[in-house]
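Heads up: the sequence shown is residues 1 to 257, going by the numbering used here. Even for Gly, the Cβ is constructed at its ideal location relative to N, Cα and C. What follows is one structure encoded as structure tokens, with my remarks underneath.
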Amino acid sequence: MWKKKSIFWELPYWKILDVRHAIDVMHLTKNLCVNLLGFLGVYGKSKDTLEARNDLKDMKQREDLHPEPKEKESQYLSPASYTLSKAEKESIFECLESIKVPSGYSSNIKRIISRNDKKFTNLESHDCHVLMIAPVEAKVGLKDYKRTVKKADEKSKRQSKEVPQLGDQPQPELDPGDAFLTPKKRQIKLFMKETGLSLDQLRESNDAEIPVAEVKYQFKLGKPLVKPDQVQNLSTQMYRFHQWYMEQSAKGRTMFE
């Protein structure tokens, strides 16, 4: 609606720059948000001014928005399609007062708005993110927005706790009883736990019998090297070797001939 050519284009070296724009997303969001909030008609904040209407008149655009002369050299600015009524403004500020966000997510929205004057004060960049993104999220996916805010609130509460609560502590990697064991003894204890053998069995004591391990698969000459259902899971080289072995076995040969 309003067009303006930046003065940066008048710099002699501007056209030869590789990157002509360094956009700060946060400040860009804030500027855009302030411009959108100008639709509320706050004095000094709105971009819909007499100068802007005169520019439209000079460019011969939007005749319905051209200033209309009145008595005493004053001019009347006709309401545009985006101009909000008093009831619509009241509804917007009523909605903003009901916004609740997790601690540290943004400023308290109630403190930066004036419902009587219908304006904002001390608006920060993070507040602009809430004002611009929250309505879109609420319209597109209200459930996802609520879940995201809930997760952010829970994370903020967990981080604010100085002492971990029961069940929140990380599982210790080392058993407290093993803290004074040497690495070698710690490795022996881990081996005993995995194999189920006792210390007497490892020492080959006469009173301790070592159980016979169960044979899961017994190799026979001419038979597959692994179980048939495990052949397809072999690596490429092992699979080729297995296939070669089975072909040689079918011809009555052995690997050592």
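Quick check: the Cα distance between residue i and residue j, rounded to an integer number of angstroms?
i: R115; j: T29; result: 23 Å
i: N31; j: N122; result: 14 Å
i: Q218; j: M192; result: 25 Å
i: K70; j: K155; result: 59 Å
i: E90; j: D58; result: 35 Å
i: K220; j: E194; result: 29 Å
i: E124; j: M26; result: 10 Å
i: N100; j: D64; result: Note on residue identity: the sequence assigns Lys, not Asn, to residue 100. For K100 and D64, the distance between alpha carbons rounds to 40 Å.
i: R111; j: E73; result: 40 Å
i: G104; j: E88; result: 30 Å
i: Q187; j: G252; result: 46 Å
i: N35; j: S98; result: 23 Å
i: A80; j: P12; result: 39 Å
i: L142; j: V231; result: For L142, the predicted structure reports a pLDDT of 49, less than 50, and the residue's modelled location is therefore unreliable. A value from the coordinates is still provided. Rounded to whole angstroms, L142 to V231 spans 51 Å at the Cα level.
i: M1; j: D153; result: Below a pLDDT of 50, predicted positions are generally treated as unreliable, and M1, at 44, falls in that range; the measurement from the model is reported next regardless. Distance between the alpha carbons of M1 and D153: 40 Å.
Taking all protein chains shown into account, decide if residue i is buried (16 or more other Cβ within 10 angstroms of its Cβ) or exposed.
i: F8; result: exposed
i: S106; result: buried
i: R53; result: buried
i: L37; result: buried
i: L131; result: buried
i: C95; result: exposed
i: D229; result: exposed
i: D18; result: exposed
i: D113; result: According to the sequence as given, residue 113 is Ile; it is not Asp. Classification for I113: buried.
i: Y239; result: exposed
i: I109; result: buried
i: D117; result: exposed
What are the boundary residues of the alpha helix (DSSP H) that residue i is part of?
i: W244; result: T236 to A250
i: F191; result: P183 to T195
i: N54; result: L50 to D58
i: I92; result: K86 to E97
Who does residue i pair with in a DSSP beta bridge?
i: Y76; result: E68
i: S114; result: K119
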